[in-house]
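Just so you know, we're using numbering that gives the first Met the number 0 here: the sequence shown kicks off at 0 and counts up by one.
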Amino acid sequence: MAIYEILQVGDEVLRQKCLPVKEINDTVRELLDDMAETMYRADGVGLAAPQIGITKRMIVVDVGEGLVELINPELVNGRGRQIDDEGCLSVVGVTGPVERYKTVMVKGLDRNGKGILIKAHGLFARALQHEMDHLDGILFIDKVKK
Ligand code: NI
0 MAIYEILQVG
10 DEVLRQKCLP
20 VKEINDTVRE
30 LLDDMAETMY
40 RADGVGLAAP
50 QIGITKRMIV
60 VDVGEGLVEL
70 INPELVNGRG
80 RQIDDEGCLS
90 VVGVTGPVER
100 YKTVMVKGLD
110 RNGKGILIKA
120 HGLFARALQH
130 EMDHLDGILF
140 IDKVKK
């Protein structure tokens with residue numbers, strides 16, 4: 000396992016649209032391990048692959064309910080709304096209110112390539128939406144309510 004450097008806003012990698020993972024192999028699994036280790040070391044609740052310079056559609060989230068890893072995540076549906084302060088390991092020292100769905104259903108693949116469907120509420124739903132935005136080059140500061 001390895002700790003990666005987390006890229007900071009201004010790095011163009013954070014603005015790229017990430018590519019789907021085509022083959023799930025040991026390299027991908029090792030990367031998921033490294034992403035989780037990097038997230039925990041930085042005291043974050045989520046991390047997306049582009050934040051460590053890898054433009055692939057992979058995220059990890061842990062809001063205190065256990066680690067969730069998702070490959071090629073997609074929003075199936077979102078309901079309700081919540082507005083709360085958000086931050087990002089790639090935008091150190093900045094927080095601001097962002098509107099998100101309150102409840103989401105997200106589908107993706109696990110580390111073995113098996114399809115999974117996750118239903119999330121509250122902070123967990125917020126973190127999933129935040130991390131999925133990263134895969135399309137979107138940062139929370141783009142969405143902060145003025
Ligand atoms: Ni972030």
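Just so it is clear, CB atoms sit at the ideal spot from N, CA and C, and this is done for glycine as well.
Problem set entry | A119, enclosing beta strand (DSSP E) - first and last residue | Per DSSP, A119 belongs to the beta strand (DSSP E) from G114 to H120.
Exercise. From the DSSP output, which residues share a beta bridge with R78?
Worked result: T102
Exercise. On the three-state DSSP scale, how would you describe E11?
Worked result: DSSP places E11 in the helix class (H, G or I) of the three-state scheme.
For this session: Please confirm whether any heavy atom of the ligand NI lies closer than 7 Å to the CB of H129.
Result: yes
Problem set entry | Proximity below 8 Å, CB of I58 to CB of L69 | Closer than 8 Å, so yes.
Exercise. In terms of DSSP beta bridges, what is I5 paired with?
Worked result: I5 pairs with nothing; no bridge assigned.
Problem set entry | Identity of the residue in D32, E73 and L6 nearest K118 by Cα | E73
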